[in-house]
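Enquirer:
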Amino acid sequence: MIDLPSPTLRLRLDEEALASNWRELATMSGDAETGAAVKADGYGLGIAKVVPALREAGARSFFVAHWSEVPDLLEHVASNQVSVLHGPLHAEDATYARAVGVRPVINSLEQARLWLDGGGGPCDVMIDTGINRLGLPVDALSDPAVSRLKIETLMSHLASADEDNPLNQTQLTRFRHAVPAIPCKRLSLANSAGIALGSDYHFDLTRPGLSLYGGVPRSELAAGIRQVAFLQATILQVRQLSAGDSVGYNATFTATQSMRAGVISLGYADGFLRCWSGQGTLRHGEAALPLLGKVSMDMVVIDLSAFPDLHEGDWVDVPYHLPEAAQASGLSQYELLTLLGKRFHG
Ligand SMILES: *Cc1c(COP(=O)(O)O)cnc(C)c1O
610 MIDLPSPTLR LRLDEEALAS NWRELATMSG DAETGAAVKA DGYGLGIAKV
660 VPALREAGAR SFFVAHWSEV PDLLEHVASN QVSVLHGPLH AEDATYARAV
710 GVRPVINSLE QARLWLDGGG GPCDVMIDTG INRLGLPVDA LSDPAVSRLK
760 IETLMSHLAS ADEDNPLNQT QLTRFRHAVP AIPCKRLSLA NSAGIALGSD
810 YHFDLTRPGL SLYGGVPRSE LAAGIRQVAF LQATILQVRQ LSAGDSVGYN
860 ATFTATQSMR AGVISLGYAD GFLRCWSGQG TLRHGEAALP LLGKVSMDMV
910 VIDLSAFPDL HEGDWVDVPY HLPEAAQASG LSQYELLTLL GKRFHG
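The sequence shown begins at 610 in the numbering used here and counts up one residue at a time.
1) Considering only the alpha carbon of each residue, which of Asp702, Val659, Ala768, Ala790 lies closest to Leu743?
2) Thinking Leu627 and Ala662 are a contact (beta carbons under 8 Å), I'd like their distance in whole angstroms, please.
3) Would you identify the three-state DSSP class for Met764, choosing helix, strand or coil?
4) Starting from the C-beta of Val686, find all residues in its chain whose C-beta is less than 7 Å away, skip the five residues before and the five after it, and write them out in chain order.
5) Any idea if Pro713 is buried or exposed, counting beta-carbon neighbours within 10 angstroms, 16 or more meaning buried?
6) Can you give me the Cβ contacts of Ala934 inside the same chain, cut-off strictly under 7 Å, excluding the 5 residues immediately before and after it?
7) Would DSSP call Ser855 helix, strand or coil?
8) Just to confirm, does Arg835 get its C-beta within under 8 Å of one of the non-hydrogen atoms of ligand 1?
9) What number of angstroms, rounded off, separates the C-alpha of Tyr652 from the C-alpha of Leu683?
10) If we count Cβ pairs, one from each stretch, closer than 8 Å, do we get three or more for the segment 821-830 versus the segment 797-811?
11) Quick one: grab the DSSP three-state call for Glu895.
12) Tell me whether Tyr810 counts as near ligand 1, meaning its Cβ is closer than 8 Å to at least one heavy atom of that ligand.
13) Taking 8 Å as the line, does the beta carbon of Met637 fall inside it for any heavy atom of ligand 1?
14) Would you say Leu763 and Leu796 are within 9 Å of each other, going by their C-beta atoms?
15) Are at least three pairs of beta-carbons, each pair with one atom in the segment 867-877 and one in the segment 638-653, less than 8 Å apart?
16) Would you call the segment 780-792 in contact with the segment 748-761, where contact means no fewer than 3 C-beta pairs closer than 8 Å?
17) Just mark Val909 as buried or exposed, buried being the case when its beta carbon has 16 or more other beta carbons within 10 Å.
18) With distances taken Cα to Cα, identify the nearest neighbour of Phe812 among Thr779, Pro731, Ser765, Thr843.
19) For Asn774, I'd like the list of residues in its chain whose CB is within less than 7 Å of its CB, leaving aside the five on either flank, ordered along the chain.
20) Arg632 lies in the alpha helix (DSSP H); which residues open and close that run?
21) Output the distance between the C-alpha atoms of Gly889 and Pro932, rounded to the nearest integer angstrom.
22) List the DSSP bridge partners of Ile911.
23) Using only alpha-carbon positions, find the residue among Thr815, Arg892, Arg952, Ser820 that is nearest to Gly876.
24) Buried or exposed for Tyr810, please, with buried defined as at least 16 other CB atoms from any protein chain shown within 10 angstroms of its CB.
25) Quick check: is any heavy atom of ligand 3 less than 8 Å from the C-beta of Pro826?
26) Does Val693 pass the burial test, meaning 16 or more other C-beta atoms within 10 Å, or should it be called exposed?
27) How should Gln936 be labelled, buried or exposed, when 16 other C-beta atoms within 10 angstroms of its C-beta is the threshold for buried?
28) When you compare only the Cα positions, how much space is there between Asn630 and Ser820?
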């Protein structure tokens, strides 16, 4: 088979930064073990790259959301290190979990019964302490089905850990009151932001996701968390615009003078959404290259007037420092990561 030509988009994953972020979160987690949320293909960065780096750094507990995410993860870690957050919806999910040896996270009495009916085995349990998403209500914990579960990790999930919100303390208090009645091997409450709320929130296991990948949900994390994903796109064509020429769909930019423009191999199909139109910039070193007109599916056009040295085939940087990119785009740091398209990989 003939080799594919070089790609015109690339994502460099700084594996050392990823490992360093995990170690930073592990240090902040104190005596608690530090796991890793790797759902949604390692927050969009690719399970095959992210998981080995996290495993080498020392992570032993991995969380995905869907059953469909399990096979890729099992290429890199042992099945008893994997928890599936959505839990079993159908009997076949329980059958699958038992066959491959991963733990379902039980989120309701229905899921508890489904798991037990299928033969049971080690599982995790999610308690809802106020997010009202998935999780057993606290008052369902006295149900006999719960006492029959073999619970490895008993967990809850914070709704507002990225803010100074009284709900954090409320959820902590509810969790503390709920857990003594339920036998389990370990307790877990904190996501990335929750780790920064302090040792009261750490229990036995923390479950960071976002901050492993460079996200900064709280200012306490800003100093220690490094950017992990670095994006670049190629200049496909350089054009000379004349005064009066418009650029792109709906002609939203019109040149007022002669200018040099570059057509870049990056579009909304790659996760560079239309919200960047008219206000985003790409970069050449420290210099900003303003976007001209709308973002297309596969292209954007930038102002290259200040850079006569940039030519077709050269790379430009896509600014992806997550807190700054979130501020600039109005997208969340989570969205910025998970929407990156497939053309960045491979
Ligand atoms: C996604 C997720 C995490 C990780 O949260 P971050 O905010 O990305 O650190 C932890 N626990 C559960 C249950 C999750 O769904």
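Every residue gets a Cβ at the ideal spot worked out from N, C-alpha and C, and that includes glycine. Quick caveat: nothing in here was measured; it's all calculated off a predicted structure.
Expert: Judging by the given coordinates:
1) Ala768
2) 5 Å
3) strand
4) Val660, Arg664, Phe671
5) buried
6) Pro928, Leu945
7) strand
8) no
9) 17 Å
10) yes
11) coil
12) no
13) no
14) yes
15) no
16) yes
17) buried
18) Ser765
19) none
20) 624-637
21) 15 Å
22) Gly871, Leu900
23) Arg952
24) buried
25) You won't find ligand 3 in this model; what it holds is ligand 1.
26) buried
27) exposed
28) 7 Å
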